[in-house]
Amino acid sequence: MAQQDAAGGQEQALSALLHETRRFDPPPELAARANAQASIYEEAAADPAGWWAEQARRLDWETPFTEVLDWNLPDARWFYDGKLNASVNCVDRHVAAGKGDKVAFHWVGEPEGDTRTITYADLLEMVCKAANALTDLGVSAGDRVAIYMPMIPEAVVAMLACARIGAPHSVVFGGFSAEALSSRILDADCRTVITADGGYRRGAPSALKPHVDEALEQCPTVSTVLCVRRTGQEVEWTEGRDHWWHDVVDSASSTHEAAAFDAEHPLYLMYTSGTTAKPKGILHTTGGYLTHVAATHRLIFDVKPDEDVFWTAADIGWVTGHSYIVYGPLANGTTSVMYEGTPTAGGRDRWWRIVEDYKVTILYTAPTTIRTLMKWGEDLPAGHDLSSLRVLGSVGEPINPEAWMWYRKNVGRTRCPIVDTWWQTETGGILITPLPGITSTKPGAAMRPFPGISADVVDNDGRPVGNGEGGYLVITQPWPGMLRGIWGDHDRYVQTYWSRFPGMYFAGDGAKKDDDGDLWLLGRVDDVMNISGHRISTTEVEHALVGHPSVAEAAVVGASDETTGQAIVAFVTVKGNVAVEDESATEALVAELRQTVATTIGPIARPRQILLTPELPKTRSGKIMRRLLRDVAEHRELGDVTTLMDPTVVNMIGEKMREGEDET
Ligand code: WT7
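In this note's numbering, the protein residues as written are 237 to 900.
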């Protein structure tokens, strides 16, 4: 059953449901000014494809589409006889409309005072130069380009330059390891990598280029590396392969005639974790994706391009950054804040200073950050003028009602509607959310499908559940931003998303309809963990652990964590010849194992806790009982253990766990 398997936030959400009576109705003055009107749900439901086509017509099409949707389950093509250029839609058309002087990005570097202002005219010049430089370096339409960069304007420019010449980008989060980078480069057969010497994270320069050098030892077909100088740190240089951005881009021509591409031309790949050790290259295409992100950005955040300052506090290495830092806001000609660092860098009030300094009107972030800010107390936001804010968003994991209420009171000053937006790398854009001014909100609920989206909660057999019941979230009709496949693996695409419930997209999340029929997302029902809104598969971490010579077996679970939503807890058995008898040997090995995971995947995957245990609990058929381990990790009463091969194993692990915690 979904509820039993669903992780982390579920418990909180369920307890919230039990005590939940709170509901906030949109104030009429907000409704009167909102981009979306109350009739929007009905209008879209009457003709979803037609409604999306209307949204698509807000973009500039070089060849307007006449066909809206070709749905050959599970393969969709949207607006497929039309042609457009995503980069032109995000940049050129705003300059052509006389908005060249409008700010596209207020960029804020992590070091104090390190800021840049990029107007749409600046962006156009930078993107044209980069597009010319990439072309000169031999990149052409269809070639995949890996991007491994810090949060600097050049990262956005690199993405838009790739889009402009029809070369799908594959952005790899800068916090990933060399090994994670090389496997992604190899999977998509990228021949070009765009990177930087390093970036600033948590108050210090951190290196990127050395990771690229290490990764490329495994990738002989990469012929070109384009490197931005950001920190000025020393880097190794491979002549003939490596090029400085300031040499080849700055000297390139600033005019570039962009060709239009088919609506279904690949725009980008984004690797995300599934239930196996191998990340999936999620494929997004051009016309449908851009339509989806532009429409959701405009309607969900109620963006008025001439008034708003929009801030998605995320990294462009994740889909949130792609859709709501780059493509959505730029397609709508919005002014955004782009911040290089982490909320913890530069003082605990850094965020509130940014809101105050740039008069941010819309703030979009993850529950994990809200909980961190909450821990730091009410005084910090109270000490700043946050009166510019008018809409708040949440994304990435279930938001617990306490964090929601704190956000509403201390950041939104009870004035700002909160949109809890559910979506995934695969969905391209937001699918479930309230609309400000239109939809009532409840602390912890994502409420209802976006107009033009058909979602449901079904039971084990795929039958819709009634109000007040829980089950699995499914999407029942195609949507423009949907993934078009997994790179190089159509079977896995069908298997992962379209086989659990025939004819429906299976998201992998548990959900519940409350008594009013409003939707609550309850966390993953598969072996995917959600750490601070980052998706990491248990199998991937297990794989990394087993790669260590001392490890015999590993089982990994996501245990609920007050700040990060879930945290990684690993149970490890060592090989017979490895002696971990005394405490210091154990400690040393645990430290080494945590580091192994960080090196193999990236620091975000470093387990919170690793427990060395003589055995793992298994069923009689030899399957590791992860659910049980999760119970242990979360200190829950253990349920039925009779199918266990050796029930004493669990009790022993539970004891070890408690001992370990007493010490810390
Ligand atoms: C998974 C997708 C969406 C961009 C960032 C994460 C969880 C996401 C919510 C939300 C409850 C959420 C789901 C989903 N999730 N937003 N508002 N409420 N859960 O993208 O890495 O592809 O992860 O994040 O479990 O399946 P992602």
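Where is the CB? At the ideal position from N, CA and C, for every residue including glycine.
Asked: Three-way DSSP call (helix, strand, coil) for residue 620 in this model; Found: coil
Asked: Beta strand (DSSP E) segment containing residue 817, residue limits; Found: Here residue 817 belongs to no beta strand (DSSP E), and DSSP marks it neither H nor E.
Asked: In DSSP terms, what residue 770 is bridged to; Found: 767
Asked: Residue 498 - partner residues in DSSP beta bridges; Found: 319
Asked: By C-beta, the residues closer than 7 Å to any heavy atom of ligand 1, given in chain order; Found: 245, 508, 554, 555, 556, 630, 631, 632, 633, 634, 635, 656, 657, 658, 659, 660, 661, 662, 682, 743, 744, 745, 757, 759, 760, 766, 769, 770, 771
Asked: Option in 747, 503, 576 with minimal Cα separation from residue 525; Found: 503
Asked: Stretch pair the stretch 559-578 + the stretch 705-713: three plus CB contacts closer than 8 Å; Found: no
Asked: Whole-number beta carbon distance between residue 801 and residue 768, since they are thought to touch under 8 Å; Found: 7 Å
Asked: Run of the alpha helix (DSSP H) containing residue 291, from where it starts to where it stops; Found: 284-292
Asked: Rounded separation between residue 403 and residue 378 - CA only; Found: 5 Å
Asked: Identity of the residue in 473, 612, 415, 459 nearest residue 432 by Cα; Found: 473
Asked: Local conformation of residue 728 per DSSP, three classes; Found: helix
Asked: Residue 556 vs residue 631 beta-carbon contact at 8 Å; Found: yes
Asked: Inside the stretch 368-444 only - alpha helix (DSSP H) runs reaching at least 4 residues; Found: 389-400, 414-424
Asked: CB contact below 8 Å: residue 597 versus chain B; Found: Among the chains in the structure shown there is no chain B, since it carries only a single protein chain.
Asked: Anticipated Cβ contact below 8 Å, residue 296 with residue 329, distance rounded; Found: 5 Å
Asked: Rounded straight-line distance, which links the Cα of residue 537 to that of residue 530; Found: 11 Å
Asked: Beta-carbon spacing of residue 633, residue 604 below 8 Å; Found: yes
Asked: Contacting residues, own chain, Cβ-Cβ under 7 Å from residue 788 (five flanking each side not counted); Found: 809, 810, 811
Asked: Residue 641 beta carbon less than 8 Å from that of residue 679; Found: yes
Asked: Cβ neighbour criterion (16 or more within 10 Å) applied to residue 599; Found: buried
Asked: Selected residue, minimal CA-CA separation from residue 318, among 261, 305, 326; Found: 305
Asked: Straight-line gap, residue 265 to residue 343 (C-alpha atoms, nearest Å); Found: 32 Å
Asked: DSSP state of residue 570 mapped onto helix, strand, coil; Found: coil
Asked: Per-residue burial, residue 648 [other beta carbons within 10 Å of its own, 16 or more giving buried]; Found: buried
Asked: Backbone secondary structure at residue 462 - three-state DSSP; Found: strand
Asked: Segment contact, 8 Å Cβ cut-off, at least three pairs: the stretch 791-806 with the stretch 845-852; Found: yes
Asked: DSSP three-state assignment for residue 271, whether helix, strand or coil; Found: coil
Asked: Top-ranked residue by Cα proximity to residue 901, from 320, 445, 627; Found: Past the edges of the chain, shown from 237 to 900, lies residue 901, and the structure says nothing about it.
Asked: Contiguous alpha helix (DSSP H) assignments of at least 4 residues, all confined to the stretch 702-765; Found: 726-734
Asked: Contact check, residue 488 vs residue 372, beta carbons under 8 Å; Found: yes
Asked: Residue from 558, 493, 551, 546 with nearest C-alpha to residue 518; Found: 558
Asked: Option in 866, 395, 667 with minimal Cα separation from residue 791; Found: 866
Asked: Heavy atom of ligand 2 within 7 Å of residue 561 beta-carbon; Found: As presented, the structure is devoid of ligand 2, carrying ligand 1 as its sole ligands.
Asked: Validate contact between the stretch 441-451 and the stretch 460-472 using beta carbons, cut 8 Å, 3 pairs; Found: yes
Asked: Length of the line joining the Cα atoms of residue 840 and residue 332; Found: 42 Å
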